[in-house]
Amino acid sequence: MSTRASRPIRVLIVDDLALIRAGFGAILRTQEDITVLGEAQEGEAAYEFCLRSAPDVVLMDIHMPNGVDGVTATRRITGELPGVRVVMISTFDLDEHVMEALRAGASGFVSKEVPPEELVRAVRVAHQGESVVTPRLLTRLIETFVRTPRPRRRPRLAGLTEREQDVLVLIARGYSNAEISASLQVAGSTVKNHVTSLFAKIGVRDRAQAVILAYETGLVRPKE
199 MSTRASRPIR
209 VLIVDDLALI
219 RAGFGAILRT
229 QEDITVLGEA
239 QEGEAAYEFC
249 LRSAPDVVLM
259 DIHMPNGVDG
269 VTATRRITGE
279 LPGVRVVMIS
289 TFDLDEHVME
299 ALRAGASGFV
309 SKEVPPEELV
319 RAVRVAHQGE
329 SVVTPRLLTR
339 LIETFVRTPR
349 PRRRPRLAGL
359 TEREQDVLVL
369 IARGYSNAEI
379 SASLQVAGST
389 VKNHVTSLFA
399 KIGVRDRAQA
409 VILAYETGLV
419 RPKE
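Under our numbering, think of the first position of the sequence shown as 199, with each following residue one higher.
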């Protein structure tokens with residue numbers, strides 16, 4: 199019997215430009231572990247497709263002039279279908295709408311000029327539940343668009359243990375689990391448990407959302 203782990207990664211491509219949909223589809227169809235379930239031209243159609251077919255990964259254009267935009271569609275999809283991962287397609291790296299999409303539950307983003315191998319990698323990484331955005335680029339986005347608040351109470355962080363806060367700070371600074379393990383001198387499995395626990399407590403899906411929350415609550419500040 200086929201399982202989620204063994205069957206191909208099922209992808210929906212959403213973009214108002216047929217050329218982009220065709221190009222991404224051609225790249226992904228060369229991979230044995232990926233299948234393109236379908237295409238959509240705008241957010242409402244993408245949302246309805248997801249309700250019917252529940253793809254594993256959605257490649258979602260941010261800027262679509264007609265119909266529902268990518269950020270709104272992402273919020274609806276991730277809110278109702280937590281098993282579906284959304285990767286945004288953006289023309290520009292430093293795009294304020296990318297931050298909105300990450301807050302809405304997107305697992306990351308790729309450029310429309312992404313090399314084929316990076317597009318394939320992005321789909322696989324998102325399917326594994328990881329963030330499709332480099333720590334350095336995420337930091338640049340945060341420094342450009344996030345307004346860090348003055349020190350105040352942080353209700354979403356209140357339930358974290360001191361060690362979980364330490365882990366969140368290191369995640370926000372771009373550390374991998376292995377680097378956190380070395381920094382805190384604890385086992386990798388312990389770090390993984392801390393990450394899983396703190397994500398559940400603060401209500402985020404992945405590292406990108408965790409980093410944004412760490413900055414927006416003032417736990418970590420740009421260029422600190």
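All residues carry an ideal CB built from backbone N, CA and C; glycine is no exception.
Handout entry: Per DSSP, cross-strand counterpart(s) of leucine 210
Key = Indexing the sequence shown from 1 puts residue 210 at position 12. In the DSSP output, where bridge partners are listed per residue, leucine 210 has Gly236 and Val256.
Practice task
Can you grab the Cα-Cα spacing for the pair arginine 351 / valine 344, in whole Å?
Solution key: Residue 351 sits at position 153 when you count from the first residue of the sequence shown. Residue 344 sits at position 146 when you count from the first residue of the sequence shown. Note that arginine 351 has pLDDT 49, beneath the 50 cutoff, so the model's placement of it is unreliable and no number is given.
Problem - Segment limits, alpha helix (DSSP H) that includes phenylalanine 222 - result: For the purposes of this step, residue 222 is taken as the residue at position 24 of the sequence shown. Taken as a continuous stretch (DSSP letters only), the alpha helix (DSSP H) holding phenylalanine 222 covers 216-226.
Problem - Counted within 10 angstroms of its Cβ, other Cβ atoms place arginine 274 as buried (16 or more) or exposed - result: The residue you call residue 274 lines up with position 76 of the sequence shown. Buried.
Practice task
Give the straight-line distance between the Cα atoms of leucine 417 and leucine 336, rounded to the nearest whole angstrom.
Solution key: For this step, residue 417 is matched to residue 219 along the sequence shown. For this step, residue 336 is matched to residue 138 along the sequence shown. Rounded to the nearest angstrom, the two C-alpha atoms are 16 Å apart.
Practice task
Confirm, please, whether the CB-CB distance from aspartate 214 to methionine 286 is below 8 Å.
Solution key: Along the sequence shown, one-based indexing puts residue 286 at 88. Along the sequence shown, one-based indexing puts residue 214 at 16. Cβ distance not < 8 Å, so methionine 286 and aspartate 214 don't count as in contact.
Exercise for the section: Measure how close the beta-carbons of serine 329 and aspartate 267 come, nearest whole angstrom, since I'm counting them as under 8 Å. Expected result: Against the sequence shown, residue 329 aligns to sequence position 131. Against the sequence shown, residue 267 aligns to sequence position 69. So it is not a contact: roughly 22 Å between Cβ atoms.
Handout entry: Local Cβ density within 10 Å of isoleucine 362, reported as buried at 16 or more and exposed below that
Key = Here residue 362 corresponds to residue number 164 of the sequence shown, with the count starting at 1. Checking the displayed sequence, the identity of residue 362 turns out to be glutamate instead of isoleucine. When all chains shown are included, glutamate 362 counts as buried.
Practice task
Please list, in chain order, all residues of the same chain as glutamate 240 whose beta carbon is under 7 Å from its beta carbon, the five residues on each side excluded.
Solution key: Along the sequence shown, read from residue 1 onward, the residue named residue 240 stands at position 42. Correct list, in chain order: Asp214, Met262, Asn264, Gly265 and Val266.
Handout entry: Same chain only: Cβ atoms within 8 Å of valine 209, ignoring 5 sequence neighbours per side
Key = Here residue 209 refers to the residue found at position 11 when the sequence shown is read from its first residue. Taken in chain order, the residues that qualify are Leu226, Ile232, Thr233, Val234, Leu235, Pro253, Asp254, Val255, Val256, Leu257 and Val321.
Problem - Three-way DSSP call (helix, strand, coil) for methionine 286 in this model - result: In the sequence shown, counting from the first residue as 1, residue 286 sits at position 88. DSSP places methionine 286 in strand when its eight states are reduced to three.
Handout entry: Simplified DSSP state of serine 374, which is helix, strand or coil
Key = Here residue 374 is taken as the residue at index 176 of the sequence shown, counted from 1. Coil, per DSSP.
Handout entry: Cβ-Cβ separation, threonine 272 to glycine 303 (assumed contact under 8 Å), whole Å
Key = Here residue 303 corresponds to residue number 105 of the sequence shown, with the count starting at 1. Here residue 272 corresponds to residue number 74 of the sequence shown, with the count starting at 1. Correct: roughly 6 Å between the Cβ atoms.
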